[in-house]
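Okay, structure first, notes after.
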Amino acid sequence: MLTPSQLEEILAIEASLEVPSFSVTDAWDLGSLLRTRLLFSPKPVIITILAPSPFPNARLLFHTVTPRHAGSVPDKVTGPDNDVWVARKTKTVLRFGVSSYYMGVKFGSMSASGMDESAFATKYGLHEQEASQYAIHGGAVPVRVKGVEGVVAVVVVSGLKQEEDHAVVVEVMQEWIKTLE
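So in my numbering, the last one in the sequence shown is 357, and the numbering has no gaps at all.
And the structure:
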């Protein structure tokens, strides 16, 4: 069963990912590090970094797809469904200001009974069609800049298991932040 301390731990890790600044060059560097890490993953993935925008869609800062390798998961390719997952995970981070993984854990993705997406929709007053625009599955992590309120970008990995999507973003961000010090 999930405990409040587990949610607090996720939030503490996310708070530790705050950066001194974030530019398009930073997005390129971070995205390239993620691509290098995932280049030989057994499953192809999409790596996307987006910035909030007042327009209907977020502003694309980085986007790439890793290749499917011989011997990898049969018939596993990235496609339009992964792009939909990226958009839905991004929308979750931009609305709630926390990772999509946090939201999934909060609503039971790590419990024996599974995720309760209907509880998520009810909690936030979302009708079925509106709720379908959000994904409370791991893989989207907010980028925060010291001294700036709110999320300045969202880093998304889609294609692995949700825990793996989330973990690789966090690990690579932690490594990248060390190079900024």
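All residues carry an ideal CB built from backbone N, CA and C; glycine is no exception.
For the ligand COA, any of its heavy atoms closer than 8 Å to the Cβ of residue i?
{"i": "L356", "result": "The ligand COA is absent from the structure shown, which contains no ligand whatsoever."}
Does DSSP classify residue i as helix, strand or coil?
{"i": "R235", "result": "strand"}
{"i": "T268", "result": "helix"}
{"i": "V274", "result": "coil"}
{"i": "E293", "result": "helix"}
{"i": "G284", "result": "coil"}
{"i": "E351", "result": "helix"}
{"i": "E357", "result": "coil"}
If I measure Cβ to Cβ from residue i and keep anything under 7 Å in the same chain, skipping five residues before and after, which residues do I get?
{"i": "W261", "result": "A311, S334"}
{"i": "G207", "result": "I223, I225, F238, T240"}
{"i": "R213", "result": "V344, V348"}
{"i": "N258", "result": "I222, S334, G335"}
{"i": "R264", "result": "Q309, Y310, A311"}
{"i": "P228", "result": "A234, L270, V327"}
Going by CA-CA distance only, name the one from the options that's closest to residue i.
{"i": "P318", "options": "A191, E357, K354, Q182", "result": "A191"}
{"i": "L183", "options": "Y277, L215, T268", "result": "Y277"}
{"i": "V327", "options": "D259, G273, G301, P230", "result": "G273"}
{"i": "V221", "options": "P243, A188, A234", "result": "P243"}
{"i": "G280", "options": "Q305, D259, A316", "result": "A316"}
{"i": "I353", "options": "V331, L187, L193, A188", "result": "L193"}
{"i": "L210", "options": "L187, L356, V332", "result": "V332"}
{"i": "E306", "options": "T268, G314, E357, D341", "result": "T268"}
{"i": "D341", "options": "L187, A203, S217, W204", "result": "S217"}
{"i": "A188", "options": "R235, K299, S275", "result": "S275"}
{"i": "P230", "options": "A203, G301, R271", "result": "R271"}
Report all residues from its chain with a CB closer than 6 Å to the CB of residue i; omit the five preceding and five following residues, and keep chain order.
{"i": "E351", "result": "none"}
{"i": "E357", "result": "none"}
Excluding the 5 residues flanking residue i on each side, which residues of the same chain have their C-beta closer than 8 Å to its C-beta?
{"i": "V200", "result": "L237"}
{"i": "V321", "result": "E194, V195, P196, S197, F198, V328"}
Contact defined as beta carbons within less than 8 Å: I believe residue i pairs with residue j. What is the distance between those atoms, to the nearest angstrom?
{"i": "G314", "j": "E339", "result": "6 Å"}
{"i": "T266", "j": "V346", "result": "Rounded, the Cβ-Cβ distance is 16 Å, inconsistent with contact."}
* Segments of 4+ residues assigned as alpha helix (DSSP H) that fall wholly inside the segment 303-348 -> Fully enclosed alpha helix (DSSP H) runs of 4 or longer: 304-307.
* Asked: Quick one: complete alpha helix (DSSP H) runs, 4+ long, within the segment 189-243?
  -> List check, alpha helix (DSSP H) in window: 200-214.
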